[in-house]
Amino acid sequence: MKSACGQHHALKLDPMNNSKYRLEKIEVTGIVQGVGFRPFVHNLANAHHLSGHVVNNPNGVVIEAEGKADDIESFVSELRGKPPTLSRIYDIRREVLKTDRASRLYDSFAIQTSEREGKPVTLISPDVCVCKDCLRELFDPNDRRYLYPFINCINCGPRFTIIQKLPYDRPFTTMQSFSMCPDCKGEYENPSDRRFHAQPNACPVCGPQLQLLDGNGKALPGDPLLTSIELLRSGKIVALKGLGGFHLAVDAINEEAVKRLRERKRREEKPLALMVGNMEAVHKIVNLSKIEEEIAGSRERPILLGYRRKDPPEGYQVAHSVAPDNPYLGVTLPYTPLHYLLFFHPRLGGDYANDKPVFAALVMTSGNMSEEPICKDNEEVLETLSGIADAFLLHNRDIHVRCDDSVINVVNEKASLIRRSRGFAPAPLFLHAPVPQVLAFGGQLKNTMCLTDGKRAFMSQYIGDLENVPTLGFFEEAVSHFTQIFELNPKIFAYDLHPEYMSTRYFMELKDQLEESSFGAVGVQHHHAHIVSVLAEHGLTGPVIGFSMDGTGYGLDGAVWGGEVLICDAATFHRFAHLDYLPLPGGTAAIREPWRMAFSYLRSAFGEGWKSLNLECLKKVSPAQLEVLDQACDSGINCPQTSSLGRLFDAVASILTIRHYSSFEGQAAMMVEMLAVGENSNLHFPYHIRKDSLETFDRYPVIWGNILESGHELEVNLKDSFIVDYTPLIRALVEGVKRGKSKSKLAAAFHNILVDSFIEIASRAREITGINDVALSGGCWQNRILSERFQALLKDNGFNVMTNQHVPVNDGGLALGQALVAATIALEKD
Ligand SMILES: [Zn+2]
Ligand SMILES: [Zn+2]
């Protein structure tokens, strides 16, 4: 620790110098590097009359602070309470080095250069939306960065997506090819400037520039921004380079234009996200609660899923094609200077100072072919999106790492992540206790992977559905990027038990290249991983009563699980209850065709009587084909057994004649939820719970270094297992449909019965085990009605309820649970 990179500022010491001084060492861990933390500490120390110094170390920053005890106290409390915008303090540790001294050791407070020894700085800030100060400059005609789309400072701008390796320093970012002009360099080197050590610092003289190309890749004349705005106004589709990749933008009010985008992108009904200029306009499009407003305006700038307004004012009627038949609209506010310029360009009628945007809303959807990863490179986008985009607004600041927008909805007055990506990744989640390095590969859909090291769990950005070669390529990209950038070399792996998942196959191929004795690996059951992800977030080890409710996950018996109540800890589980097994007619085809599951439930509920039901859902294929399917269900040919709650939702959607086919995962279930919104039903349909006669799996299989072992035993000694049979409900629903009862009331009653039956199971589990903690995870909990009602009822019954907050409840959170299961088993083996 030699040279000081900042100036020593003379300290205004107490002239009387009659009080005692103390010297403290203060260690701050968290995201405290590359976020303006040291200059902040420096200024704060001066304000509190402290001397000493601050320096980065591999875990964070270390401060030596010297002064009066009171001053040190107020310094620490301000440090904790109002740290720099982008920092995240995880822990502050204090140690008194000297006390009751008559004079000081240090005569000033200094910023020292980073320690170069040891492992490099290990935390990277996510990308963050442009800050208020930069926006003010952006629209100030007298500022040297007036209308400059790459303005940023230490409090905002790109981070994760431009960093190639650590330490976080300009030569290791995609800004390396731009050398700073004297003005920018001056700011960069001045500790009292907002751009001190802001690695992406740039200006129109020295920084990146925009370029606009037509659909064939030919440069278009004129100002790229102004022309882009005019193209958008005339209904054209423009591909825009953003922070973590390209977006396709189009005027969201223009039905023709949105339709054209859908056709060209070959995206049938999956909702498209909107970008809206300001909060006032967001209110005109969706109904926002206070907390939703906070989330939409947060610096992470996620896409917020809000209930759409039934009566949007003139000019804010979003085109039907944006989200056909969907109760939700995804909205985000602008988050890059470029977005703000599109919405508020002063030369085309925008007015930032008076908050008057040019557009009511723009569709802002990932720039990709359906289901493929978001494009990030200029050449890549020209190749992939020619034929979709009418123009390409490019620039020459490369994106090193792809990162999609994050998506959040609000459940029970709390943010619930649907997709954790831009703005969040790669900030770690902090675990309660240190664990070994584990690499967890996640699931198949909405894949993310997770890497743990000590108390930190690094979740990757959203990778997507591993169902095509480009997405698998992105997955491999992310695995190698994370291990390299954090310099980790995990020897313990965790994967889903489903043999056909691409993430599992990826591991199996990797495994063949490893020496058998050199690693450990755990195949983690899907629904167990879901619940353990909740334990990981809440710093618990269990046991807990876990309600793991989703569409599909590979069961220990090879069946398609999905409605599972597990008594579990972080290493193993007992399958306490599950939805009754039913055939899944046609296997995965049933996921896209909810009528198939309706058929399965109806034949199960009515026996041969299904033939005389005369319901709409039984008319999707010819009677002869239904007979064939009936026999297939009996013989089990291409009809695996399933206990999925997602499939029960599908069946109900089809029986209620809301949806017989789904064009994206969860669509039918979402429509059942939509029907029940705001509907109060006193109907409580019947269900039946019975004891399971089958032998259940008490031990969790563990593959360790290629050897199959039986795993750890659950502390709670459990023999009982239960099966929940919803066929009585199906009979009641059919009765309701035949009598012409309101579909909304029936949908509400369906939600009621689920909650009734769940609370009964939770109570039985508590009676038998004495466990009072309940954890909810799995994609079905994205259903607000189900989640809010069940959580309220659990609380009324004295249960302690927890669910995912920092990772998605859907399969996007699986990797965290997998990692913790493997880590726990590894620790037990030590
Ligand atoms: Zn800024
Ligand atoms: Zn410059």
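Going by my numbering, the first residue of the sequence shown is number 3, and it counts up by one from there. For glycine and all other residues, C-beta sits at the position ideal for the given N, C-alpha and C.
Could you tell me whether the Cβ of residue i comes closer than 9 Å to any Cβ of chain B?
| i | result |
| --- | --- |
| Phe801 | Of the protein chains in this structure there is only one, and it is not chain B. |
With a threshold of 7 Å on Cβ separation, who are the neighbours of residue i within its own chain once the five nearest residues in sequence on each side are excluded?
| i | result |
| --- | --- |
| Pro587 | Arg598, Phe601, Ser602, Leu631, Ala634, Cys635 and Cys641 |
| His341 | Met277 |
Using the rule of at least 16 other Cβ atoms within 10 Å of the residue's Cβ for burial, across every protein chain shown, is residue i buried or exposed?
| i | result |
| --- | --- |
| Ser482 | exposed |
| Ile420 | buried |
| Asp327 | exposed |
| Gly686 | With the sequence shown as reference, residue 686 is identified as His, and Gly is not the correct amino acid for it. With fewer than 16 Cβ atoms within 10 Å of its Cβ, His686 is classed as exposed. |
| Ser744 | exposed |
| Ile569 | buried |
| Glu294 | buried |
| Gly742 | exposed |
| Gly611 | exposed |
| Gly815 | buried |
| Glu916 | No information on residue 916 is available, as it lies outside the stretch 3 to 832 that the chain covers here. |
| Thr564 | Sequence inspection shows Gly at residue 564; the Thr mentioned does not correspond to that position. Buried, since its Cβ has 16 or more Cβ neighbours within 10 Å. |
| Ala767 | buried |
| Gln793 | buried |
| Arg577 | buried |
What residue does the beta strand (DSSP E) around residue i start on, and which one ends it?
| i | result |
| --- | --- |
| Lys100 | Arg90 to Arg103 |
| Gly332 | Tyr330 to Thr334 |
| Phe724 | Phe724 to Asp727 |
| Trp563 | Val562 to Cys570 |
| Tyr337 | Careful: Tyr337 lies outside any beta strand (DSSP E) and carries neither H nor E. |
| Lys693 | His690 to Lys693 |
| Ile646 | The displayed chain sequence assigns Ser, not Ile, to residue 646. That residue, Ser646, is in no beta strand (DSSP E); it is neither H nor E in DSSP. |
| Ala496 | Ile494 to Asp498 |
Just tell me which of the options has its CA closest to the CA of residue i.
| i | options | result |
| --- | --- | --- |
| Leu395 | Leu228, Gly332, Asn356 and Phe141 | Leu228 |
| Lys831 | Phe521, Pro336, Glu189 and Val333 | Phe521 |
| Thr506 | Ala429, Ala442 and Arg786 | Ala442 |
| Leu81 | Tyr108, Ala47 and Thr101 | Ala47 |
| Ala429 | Gly444, Phe141, Phe666 and Asp455 | Asp455 |
| Ala112 | Ser372, Arg311, Val524 and Val56 | Val56 |
| Ile732 | Ile153, Gln784 and Ala607 | Ala607 |
| Val284 | Pro273, Ile297 and Leu137 | Ile297 |
| Glu566 | Ile547, Val736 and Ile593 | Ile547 |
| Thr31 | Phe549, Glu539, Asp406 and Ile65 | Ile65 |
| Gly209 | Cys186, Arg269 and Gly299 | Cys186 |
| Ala496 | Ile126, Ala821 and Lys134 | Ala821 |
| Met371 | Arg311, Leu250 and Pro359 | Leu250 |
| Pro86 | Ser105, Asp102, Asn61 and Arg40 | Arg40 |
| Lys27 | Ala49, Phe42, Ala71 and Val37 | Ala71 |
| Ala241 | Pro223, Glu257, Leu212 and Pro143 | Leu212 |
Hey, quick one: how far does the alpha helix (DSSP H) through residue i stretch, first residue to last?
| i | result |
| --- | --- |
| Val284 | Met281 to Ile287 |
| Asn48 | Phe39 to Ala49 |
| Pro184 | Pro184 to Glu191 |
| Thr485 | Val471 to Ile487 |
| Met672 | Gln669 to Ala678 |
| Ile827 | Leu816 to Lys831 |
| Ala749 | Lys745 to Thr771 |
Cβ of residue i versus every heavy atom of ligand 3: is any distance shorter than 8 Å?
| i | result |
| --- | --- |
| Val132 | With respect to ligand 3, the structure shown offers nothing to examine, as its ligands consist of ligand 1 and ligand 2. |
Kindly list the residues whose CB is nearer than 6 Å to the CB of residue i, restricted to its own chain and excluding five residues on each side of it in sequence; keep chain order.
| i | result |
| --- | --- |
| Val78 | none |
| Gly317 | Ala362 |
| Val123 | Interpretation of Val123 is limited by its pLDDT of 48, a score under 50 that renders its predicted location unreliable; the figure taken from the coordinates is listed afterwards. Excluding sequence neighbours, Val123 sits near Gln35, Leu168 and Pro169. |
| His51 | Gly69 and Asp73 |
| Ile639 | none |
| Leu778 | Phe549 and Thr805 |
| Lys378 | Gly247, Ile401 and Arg404 |
| Phe666 | Lys272 |
| Pro184 | none |
| Asp357 | Asn280 |
| Ser789 | Val413 and Trp783 |
Given residue i, which residues of its chain have a CB within under 8 Å of its CB, disregarding the five upstream and five downstream residues?
| i | result |
| --- | --- |
| Glu232 | Leu350 |
| Pro128 | Arg161, Phe162, Glu302, Arg424, Gly425, Phe426, Ala427, Pro428 and Ala429 |
| Val726 | Gly565, Ala579, His580, Leu581, Asp582, Tyr689, His690, Ile691, Ser759 and Ile763 |
| Val324 | Ala254, Val260, Pro273, Leu274, Leu276, Leu331 and Val365 |
| Ser368 | Gly247, Phe248, His249, Leu250, Ile376, Asp406 and Asp407 |
Which residues have their C-beta within less than 5 Å of a heavy atom of ligand 2, listed in chain order? Cys183, Cys186, Cys205, Val207 and Cys208
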